[in-house]
Amino acid sequence: KPWFFRNGEYYPKPVKTYSTRKARKRHAPKLFPYQDPHSDRIVNQLMYVPHNYPEIKASGKLKTILLYNGLGPWNVKKGREVFLRAKCPVDTCELTANRDLASTADMILYKDHYIPTGIRRPSNRKQVSMLYYLECPYHTQNVKVPDALNWTATYRRDSTIVAPYEKWQYYDNKVQQLEQDQNFAINKTKKVAWFVSNCGARNGRLQYAHELQKHIEVDIYGACGNFKCSRSNADKCFEILDNDYKFYLAFENSNCKDYITEKFFVNALNRKVLPIVMGARPEDYEVSAPRRSYIHVDEFESPKELAEYLHILDRDDELYNSYFKWKGTGEFINTYYWCRVCSTLHNEEQFSKSKSHWYTDLNDWWRGVGVCTTGSWRNFKARKDVISDD
1 KPWFFRNGEY YPKPVKTYST RKARKRHAPK LFPYQDPHSD RIVNQLMYVP HNYPEIKASG
61 KLKTILLYNG LGPWNVKKGR EVFLRAKCPV DTCELTANRD LASTADMILY KDHYIPTGIR
121 RPSNRKQVSM LYYLECPYHT QNVKVPDALN WTATYRRDST IVAPYEKWQY YDNKVQQLEQ
181 DQNFAINKTK KVAWFVSNCG ARNGRLQYAH ELQKHIEVDI YGACGNFKCS RSNADKCFEI
241 LDNDYKFYLA FENSNCKDYI TEKFFVNALN RKVLPIVMGA RPEDYEVSAP RRSYIHVDEF
301 ESPKELAEYL HILDRDDELY NSYFKWKGTG EFINTYYWCR VCSTLHNEEQ FSKSKSHWYT
361 DLNDWWRGVG VCTTGSWRNF KARKDVISDD
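For the sequence shown, UniProt numbering assigns the number 1 to the initial residue and increments by one for each residue that follows.
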């Protein structure tokens, strides 16, 4: 297994060099969005070691990453510890919070909305300016720094460094379904559960759940429902979920491109329930989740139609269990964010004039037309649902 899997032992070797430009282009590792816009490229970045890395290592030269907002927000120490502790294949990087190094650092990294106004594109052509966002556009501020950032790190798949809440990886892409030796429906007497505390989400998820309740049993736990299960006793709550319920509402608080959080990956897929999802677009779940591991609300015209299908699944154990055949085919991997930042920063190809990329309007990329919708993606009307600047 590759090093990023649990008990993985295989570490990558430096990439091969090729004598002709055509061969170099054909065999170039796909690390950046322009090279592979349809993939998150996470595994490529985890397995990338530059061809001259032995010389870089021997020289003792380090790439310096300036954390503009300080070390605290990242919960890291200065220096190389974060790279060495993770046993990164490429570990010749160091972290600093010393802004006096702003002109010489290899990367300046800004976190969330703590980014100064008035910053300019660096004069050093090989310096990277990267913005990191954890939350979705509805919960981040506008960034008024045109043409001053060339990398992004967010959950979005078109970010330079994709930083998802979780990452599913198959052991073998050819084996995505396995026969299971257990009945996931056995002894379950209840239909749908939902643990939720935010009752005012923008995407109308609570209203959808209430409409669904008219057609199938939905037990809502927390501030928005009539059932109680304390967050301080989460293990007990999930035990109830595993033992009693067949379905779980893994509804995000916002419907935005690629926005899939722990509500789906941890609360649902790690349990013995079938998740019903709302949030990112159906095609985003298709490329991020194990095959046939969930039901998307937008597959159905209405909550009533969804409920009718859930009743069918409730009566048919074989059909219900078909949604669990992904189990055992892979695992949720550590995506080693800092390792990937370091390895990708060592790729010299990115600094060529033809490959350099600057965000002329980061707000348009992050919150423009088509990124989020306040309603169903089935009824998405881009001009109406574009996020406003307020």
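Glycine included, every Cβ here is placed at the ideal spot set by N, Cα and C.
Environment of residue i [buried if 16+ CB atoms lie within 10 Å]
i: I186; result: exposed
i: L362; result: buried
i: Y34; result: exposed
i: R6; result: exposed
i: K191; result: buried
i: V175; result: exposed
i: W358; result: exposed
i: K1; result: exposed
i: K384; result: Here K384 scores only 40 on pLDDT, less than 50, and its place in the model should not be relied on; the value that follows carries that caveat. By the 10 Å Cβ count, K384 comes out exposed.
i: V369; result: exposed
i: C136; result: buried
i: V287; result: exposed
i: N203; result: buried
i: F83; result: buried
i: G79; result: exposed
i: P37; result: exposed
i: G8; result: exposed
i: K13; result: exposed
i: residue 412; result: Because the chain spans 1 through 390 in this model, residue 412 falls outside it and cannot be assessed.
i: S343; result: buried
i: T20; result: exposed
i: residue 393; result: The structure shown does not extend to residue 393, since the chain is modelled only from 1 to 390, so the question has no answer here.
i: K167; result: buried
i: P303; result: buried
i: Y11; result: exposed
i: N379; result: exposed
i: P54; result: exposed
i: T17; result: exposed
i: G225; result: buried
N-terminal and C-terminal residue of the alpha helix (DSSP H) that residue i is part of
i: residue 394; result: Past the boundaries of the shown model lies residue 394; the chain is included only from 1 to 390, so the question cannot be answered.
i: W366; result: L362 to R367
i: W338; result: Y337 to L345
i: Q169; result: First-last for Q169: W168 to Y170, but that is the beta strand (DSSP E), not the alpha helix (DSSP H).
i: I42; result: I42 to L46
i: A23; result: R21 to H27
Residue i: first and last residue of the uninterrupted beta strand (DSSP E) it sits in
i: I276; result: L274 to M278
i: F300; result: Note, F300: premise wrong, no beta strand (DSSP E); not H, not E.
i: L131; result: V128 to Y132
i: Y285; result: That residue, Y285, is in no beta strand (DSSP E); its alpha helix (DSSP H) goes P282 to S288.
i: D147; result: It is not in any beta strand (DSSP E) - D147 carries neither H nor E in the DSSP assignment.
i: L212; result: Element bounds for L212: not the beta strand (DSSP E) but the alpha helix (DSSP H), R205 to Q213.
i: T96; result: C93 to T96
i: W194; result: K190 to F195
i: V218; result: V218 to Y221
Rounded distance between the beta-carbons of residue j and residue i, thought under 8 Å
i: F4; j: Y336; result: 6 Å
i: G70; j: Q169; result: Not quite, the Cβ-Cβ distance comes to about 32 Å (not below 8 Å), so this is no contact.
i: E299; j: P282; result: 7 Å
i: I115; j: V76; result: Not really, about 19 Å apart at Cβ, beyond 8 Å.
i: K63; j: H346; result: 7 Å
i: F251; j: K263; result: 7 Å
i: V273; j: D242; result: 7 Å
i: V341; j: I161; result: 6 Å
i: L109; j: L46; result: That belief does not hold up - the Cβ atoms of L109 and L46 are roughly 19 Å apart, past 8 Å.
i: R292; j: K325; result: 7 Å
i: R367; j: M278; result: Rounded, the Cβ-Cβ distance is 20 Å, inconsistent with contact.
Proximity test, residue i beta-carbon vs the ligand HEM heavy atom, cut-off 7 Å
i: E348; result: Absence of the ligand HEM from the depicted structure is noted, as is the absence of any ligand whatsoever, leaving it without description.
### Cβ contact check for the segment 213-223 and the segment 305-313: 3 or more pairs under 8 Å
With contact defined as three or more Cβ pairs closer than 8 Å, the segment 213-223 and the segment 305-313 are in contact.
### Sequence ranges, beta strand (DSSP E) only - wholly within the segment 311-339, length at least 3
Within the segment 311-339, the complete beta strand (DSSP E) segments at least 3 residues long are 330-332, listed from N- to C-terminus.
#### Entry: Contact between the segment 104-113 and the segment 124-140 (3+ Cβ pairs under 8 Å)
Yes: at least three Cβ pairs fall under 8 Å.
### Query
Does the count of Cβ pairs from the segment 309-324 and the segment 150-157 closer than 8 Å reach three?
Touching, no.
### Message
Could you tell me which whole beta strand (DSSP E) segments of length 3 or greater appear in the segment 48-81?
### Response
Counting whole runs of 3 or more residues, the segment 48-81 contains the beta strand (DSSP E) stretches 63-67.
#### Entry: Inter-stretch contact (C-beta, 8 Å, three-pair minimum) for the segment 155-165 and the segment 257-272
Result yes; three or more Cβ-Cβ pairs closer than 8 Å.
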